[in-house]
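Student: Following the numbering used here, the numbering of the sequence shown begins with 4 at its first residue and continues without gaps. Built from N, CA and C at the ideal position, the CB exists for glycine as well. Provided herewith is a single structure, encoded as structure tokens, for subsequent inquiry.
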Amino acid sequence: MTPLTDDELAVLLGDLESDRVERKKMWAGDAPDKVRQAVCAFANDLPGHGEPGVVFIGANDDGSPANIEVTDQLLLTLSDIKSDGKTVPPPTLTVQKRIVKGAQLAVVTVWPADAPPVRFEGRIWIRIGPRRGLASAQDERILSEKRRYGDRHFESHPVRGSTLSDLSRAIFEQEYLPNAVAPDMLAANARSYEQRLASCGMIASVDEPTPTVLGLLVCGVSTRTWLPGNYIQFLRIQGTQLSDPVVDDSVFDGTVGLMLRRLDEKLSAHLTFSVNFTSQDREVRTSHYPLVAIQQLARNAVLHRTFEGTNAPVRVYWFDDRIEIINSGGPYGSVNAQNFGTPGLADYRNPQLAMAFKVLGFAQAFGSGITLTRQVLQKNGNPPPEFSIEPNFVIATIRRVP
Numbered sequence: 004m005t006p007l008t009d010d011e012l013a014v015l016l017g018d019l020e021s022d023r024v025e026r027k028k029m030w031a032g033d034a035p036d037k038v039r040q041a042v043c044a045f046a047n048d049l050p051g052h053g054e055p056g057v058v059f060i061g062a063n064d065d066g067s068p069a070n071i072e073v074t075d076q077l078l079l080t081l082s083d084i085k086s087d088g089k090t091v092p093p094p095t096l097t098v099q100k101r102i103v104k105g106a107q108l109a110v111v112t113v114w115p116a117d118a119p120p121v122r123f124e125g126r127i128w129i130r131i132g133p134r135r136g137l138a139s140a141q142d143e144r145i146l147s148e149k150r151r152y153g154d155r156h157f158e159s160h161p162v163r164g165s166t167l168s169d170l171s172r173a174i175f176e177q178e179y180l181p182n183a184v185a186p187d188m189l190a191a192n193a194r195s196y197e198q199r200l201a202s203c204g205m206i207a208s209v210d211e212p213t214p215t216v217l218g219l220l221v222c223g224v225s226t227r228t229w230l231p232g233n234y235i236q237f238l239r240i241q242g243t244q245l246s247d248p249v250v251d252d253s254v255f256d257g258t259v260g261l262m263l264r265r266l267d268e269k270l271s272a273h274l275t276f277s278v279n280f281t282s283q284d285r286e287v288r289t290s291h292y293p294l295v296a297i298q299q300l301a302r303n304a305v306l307h308r309t310f311e312g313t314n315a316p317v318r319v320y321w322f323d324d325r326i327e328i329i330n331s332g333g334p335y336g337s338v339n340a341q342n343f344g345t346p347g348l349a350d351y352r353n354p355q356l357a358m359a360f361k362v363l364g365f366a367q368a369f370g371s372g373i374t375l376t377r378q379v380l381q382k383n384g385n386p387p388p389e390f391s392i393e394p395n396f397v398i399a400t401i402r403r404v405p
């Protein structure tokens, strides 16, 4: 992921026939949607360049500078393209202010995705020469076949021995697909069941309809048969040590959607509220923990865990004075022990699972879970969350309201 030099950017800026360039005079009007479409297309890299595409903000259609002021706010807004949840899986991109041809430009550099197809608001955008367009069924097939086993994230690997019968067609077609693909695209195409599964990463390909790890996680009939560590262990402990009495021992498994919904029900059942009738003219209900904070950290644990080399579950241990959430898998990619939890900083061991979380409604935006957790804990009167970061696991701790 080497940044392009000023000379390389100048050549791209002036090449009016290139399918690796998008130019916008300013960030106004329909530019936000058009730029996101271009980012999606560059990430899909249908021509197979294997090189980044570039969006220039502050450039005219003929490649000349528009001489705009590139502000910090503009750069922050452009950076949100990666994390606002509209483009899934989240694209790999950088945003910079660069001086090209003697003028300031906001430069968005987008690298080809490891696991296409990438969608913007449920639509797959591609480059067709110097313009962008929507992918056809054949284009989708090509993009799906670009995923090579050696380059895939673990979630994209086919699970040998499993078959289409190990996937729930009802879950895929009734729960997942309507939220993953724009309604008009879903109604307009005549893609087969296998083509749709392959396009969403649920099977290896149409020609090799073996369920992937992602497929079994999202719509598997018996997910733990193939992924033994895919479950959440919940303990409610009466005391402050693991050796104290356990008053509730529950295990949640199945698809990630079912698993997280069942955990939400259990968390809600254990939350207790204090009611104050006297200090105000209406009752005020407060909880020892805000539900949203526990949900965010538990979902992060499921999303960022590793399935390779371990069969350990995600653990949620609820003590009298705290809640601990433990996942297998330490920091990944650009995230390390020093910058863990930095607002806006995120990297994904399981980028397609991140896409599925967004589709299923368990994530509204990417990289915002810890920030939201801090906000709701502060509002509720809890201490800030604590994180113990190790190479092979992360423990997130929420302390009870004093």
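Are the stretch 97-112 and the stretch 60-73 in contact at 8 Å, needing three or more beta carbon pairs?
Tutor: The stretch 97-112 vs the stretch 60-73: in contact.
Student: On the DSSP bridge assignment, give the partners of K27 in chain order.
Tutor: Partner(s): I60.
Student: Look at the alpha carbon of G218 and the alpha carbon of D251, and state the distance between them as a whole number of angstroms.
Tutor: Taking the straight line from one Cα to the other gives about 31 Å.
Student: Going by other Cβ atoms of all chains shown within 10 Å of its Cβ, with 16 needed for buried, is A41 buried or exposed?
Tutor: The residue is buried, with at least 16 neighbouring Cβ atoms inside 10 Å.
Student: Note down, in chain order, each residue of its chain lying with its Cβ closer than 7 Å to the Cβ of G417, except the 5 sequence neighbours on either side.
Tutor: The requested residue 417 does not occur in the structure, where the chain is confined to residues 4 to 405.
Student: Quick check on DSSP: helix, strand or coil for I373?
Tutor: Of the three classes helix, strand and coil, the one that applies to I373 here is helix, per DSSP.
Student: Taking the beta carbon of D10 as the centre, do at least 16 other beta carbons fall within 10 Å, making it buried, or is it exposed?
Tutor: Answer is exposed; the Cβ neighbour count stays below 16.
Student: Looking at T90: is its Cβ nearer than 8 Å to the Cβ of W114?
Tutor: No; because the gap between Cβ atoms is not below 8 Å, this pair is not in contact.
Student: Considering only C-alpha positions, which residue in the set R402, P92, V404, S139 is nearest to A193?
Tutor: Of the listed residues, the one whose Cα sits closest to A193 is S139.
Student: In whole angstroms, give me the CA-to-CA distance for Y152 and E158.
Tutor: Model confidence at Y152 stands at a pLDDT of 47, short of 50, so the residue's coordinates are unreliable and nothing is read from them.
Student: In this structure, how does DSSP classify E389 when only helix, strand and coil are distinguished?
Tutor: Note: E389 maps to strand in three-state DSSP.
Student: With a threshold of 16 other CB atoms inside 10 Å of the CB of I102, please say whether the residue is buried or exposed.
Tutor: So I102 ends up on the exposed side.
Student: Looking only at its chain, what residues have a beta carbon closer than 7 Å to the beta carbon of T166, apart from the 5 residues adjacent to it on each side?
Tutor: Closer than 7 Å at the Cβ level, and outside the excluded window around T166, lies no residue.
Student: Could you check the C-alpha separation between G132 and V57 for me, to the nearest Å?
Tutor: Each residue's alpha carbon lies about 14 Å from the other.
Student: Going by the DSSP bridge assignment, what does T112 pair with across the sheet?
Tutor: DSSP lists V57, T97 as partners of T112.
Student: I'd like the span of the alpha helix (DSSP H) that includes D247, first residue to last.
Tutor: Here D247 belongs to no alpha helix (DSSP H), and DSSP marks it neither H nor E.
Student: From E197 to S208, what does the alpha carbon distance come to, in whole angstroms?
Tutor: So the two alpha carbons sit approximately 8 Å from each other.
Student: Given that a residue counts as buried once 16 or more other Cβ atoms are within 10 Å of its Cβ, and exposed if not, what is G332?
Tutor: Burial call: buried.
Student: Where E327 and P92 are concerned, what is the direct C-alpha to C-alpha distance, given to the nearest angstrom?
Tutor: Straight-line Cα distance between these residues: approximately 29 Å.
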